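Numbers in our numbering are just positions in the sequence shown, counted from 1, shifted up by 408.
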Amino acid sequence: MKTQGSVLERCISTFLLLFVFSEFTGEALAHPIVHYWENRGHEQAGLFLEPRVSYLNTSSNFDFNSEKRPLLNSASVSQYYLDLNTAYGFTDDFFVFARASAISINVTNPLQRDLSASGFGDQLFGANYRLLPLRSGLGLRLQFDALIPAYKNANALTSGDAYLGDESVDLTTGAFVEAPLSFIAPDMSTEVGAAYLYRSKAYSAAVPFSIFIKSNASRAGFFYSLGVRGQISLKTDSTATSPFGLAQAVQESNRAAAGSALIDGINASWWVAQGNLAYRNASGVSYILTGAIPLMATNTPGGLQLSLGIRFNLSRSPLAAGDAYERNRRSSEKRKLSLPKGFASYDREAKVSSVNDQLYLVKIDQGSNDTIETGQTFDIFSESDLIARARVISVKDNEAALNVIEYYQDHWIETGFTARRLVQ
């Protein structure tokens, strides 16, 4: 049986081999509208692998005035991405990650020679650190990553093939804030991210951002997210102020990508609507389908983007019964390991109707119609065993959301458990 360490070593060795090999191979055409800035932290320590296939088709650009215009000569560009995303958490809070990426491109131009190319693209390395562990559902993650081109544009220029990309080294530093939306549902949260992006070769610096509402599946089941992501140019591209540089950028884009802003987009900015639908099985394997389309942009390719990923959770125990207890215990000094002393009195009993262990939230089947109020405290039982203590954080007519504040047993909270209200 392979150990987690041997799997990690083999994965890293393969990744490095692919990276070194890609320095000597063919063409690619990458763009950050597909390889966007995303939160690469996970809910628990261990190894995560995600092969991902992405597709982009574009026959238009958003121009300097944010108007959508077709490419010259009714041309079109299709891209296929094959990525291997790897993340390893030394703890629940600290992750390192990498992405090995290969790309295939087809440029169709009715009045010129069609272009096609494939090879290794831009490779990603970085780290993600949770500065504020989840407490009452609130979390803050810091992230740094570096994007390094694994190609040389001079090769494409000599052969007359599609350009290899912009050959820029990109450095990004930013943060993601996650907060619960328990007033909507116990398993709902919002994630807001922003960063500073430095680009070499005189390309404009920019501010990548994302705003998503999502459901969270800490166990088996469907989960999803919906929101917008994008990039705001700081308009420091020196090409924009140089007539010669501007003409050269247009010439390169026309030759290498039929005029698509996939190449040499000047001071490019965009807002993209994105939706993700995923299913996680009991073994911790997630199947993730993503669709995205630009809403408004400047000097950016238009077109539909699709991707399909399969995420393998190779951590110590993907859905182990003790994980929720351990994460809660470490996230707050108030977590207790022993049962409370003395006799507790209860005046109402309800049933747990749903659970989100990742956000430490549970929902019960009683609400304001049953005299439930914000701030009340409930003990949660599995038959006669006291499992945890929780406090009401939001109330509707016939249901209430509770935040778990203390765990007493190394045990999941499950649907159907009994919640008993402490006499105040």
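Backbone N, C-alpha and C define an ideal beta-carbon position, used for all residues, glycine too.
From a predicted model like this one, the values you see are computed outputs, not experimental measurements.
By the DSSP assignment, the beta strand (DSSP E) with residue i in it spans what residues?
i: S524; result: 523 to 528
i: N465; result: 454 to 466
i: R477; result: 476 to 478
i: W679; result: 677 to 688
i: L605; result: 596 to 607
i: V636; result: 629 to 641
i: N493; result: 484 to 497
i: G710; result: Per DSSP, G710 belongs to no beta strand (DSSP E) and is neither H nor E.
i: Y815; result: 808 to 815
i: L579; result: 578 to 588
i: T644; result: Per DSSP, T644 belongs to no beta strand (DSSP E) and is neither H nor E.
Can you say whether residue i is buried or exposed, counting buried as having 16 or more other CB atoms within 10 angstroms of its CB?
i: A808; result: buried
i: Q531; result: buried
i: I619; result: exposed
i: A732; result: Confidence in A732 is poor, its pLDDT being 44 and thus under 50, which makes the residue's placement unreliable; the coordinate value appears in the next sentence. Per the 10 Å Cβ criterion, buried.
i: W820; result: buried
i: G824; result: exposed
i: G783; result: exposed
i: N536; result: buried
i: Q551; result: buried
i: A883; result: Any property of residue 883 remains undetermined from this structure, which presents the chain solely from 409 to 832.
i: R379; result: Any question about residue 379 goes unanswered here, given that the chain covers just 409 to 832.
i: D805; result: exposed
i: L716; result: exposed
i: P616; result: buried
i: E599; result: buried
i: N524; result: Here residue 524 turns out to be Ser, not Asn, going by the sequence shown. When all chains shown are included, S524 counts as exposed.
i: Y816; result: buried
Please check the pair residue i and residue j, which I expect to be a contact at CB under 8 Å, by giving their CB distance rounded to whole angstroms.
i: I772; j: L830; result: Not confirmed; about 14 Å, so no contact.
i: W679; j: L642; result: At roughly 16 Å, the Cβ-Cβ gap does not stay under 8 Å, so W679 and L642 are not in contact.
i: Y496; j: S462; result: Not quite, the Cβ-Cβ distance comes to about 23 Å (not below 8 Å), so this is no contact.
i: D787; j: R828; result: 5 Å
i: S597; j: L767; result: 6 Å
i: S612; j: T644; result: 5 Å
Touch test, the segment 493 to 511 against the segment 470 to 481, Cβ-Cβ under 8 Å, three pairs minimum: Fewer than three Cβ pairs drawn from the segment 493 to 511 and the segment 470 to 481 lie within less than 8 Å of each other, which leaves the two stretches out of contact.
Sufficient close CB pairs (3 or more, under 8 Å) joining the segment 445 to 463 to the segment 596 to 615: Yes: the two stretches touch, three or more of their Cβ pairs being nearer than 8 Å.
Stretch pair the segment 626 to 635 + the segment 472 to 482: three plus CB contacts closer than 8 Å: Fewer than three beta-carbon pairs drawn from the segment 626 to 635 and the segment 472 to 482 are found closer than 8 Å, and the two stretches are therefore not classed as touching.
Unbroken stretches of the beta strand (DSSP E), 3 residues or longer, contained in the segment 753 to 795: Runs of beta strand (DSSP E) with 3 or more residues, each lying fully within the segment 753 to 795, are found at 754 to 764, 769 to 772, 785 to 790, listed in chain order.
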